[in-house]
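Take a look at the structure set out below.
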Amino acid sequence: MRIVIDCNVLVSAALTDGVCRLAIAEAIGNHEIFLSEEILDEYREVADRPKFPPPPSKAACMR
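Following the working numbering, the numbering of the sequence shown begins with 1 at its first residue and continues without gaps.
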């Protein structure tokens, strides 16, 4: 099955361990994920909003 992951589902999966995270894991493991530049732009725009913390630096992850 071909799947497009909605931005709200992606954000919810990133922030909480729940149904959205399980749905994305299922999609990635068993289906074909479709993206477009417009969808990627929306993901980036939402992730850059001030209410979301920046991702940890690579140096912080290696400690």
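Heads up, the beta-carbon is just placed ideally off N, CA and C, and yes, glycines get one too. Please read these numbers as outputs of a predicted model, since none were measured by experiment.
- Looking at the DSSP output, E32 shares a beta bridge with R2.
- Short of 8 Å from the beta carbon of D6, and not among the five residues preceding or following it, lies no beta carbon of its own chain.
- Setting aside the 5 residues that flank it on each side, V46 is surrounded in the same chain by C7 and V11, each with a C-beta closer than 7 Å to its C-beta; the list follows chain order.
- Linking P50 to E37 through their CA atoms gives a straight-line distance of about 22 Å.
- When only Cα atoms are considered, A14 and M1 end up about 23 Å apart.
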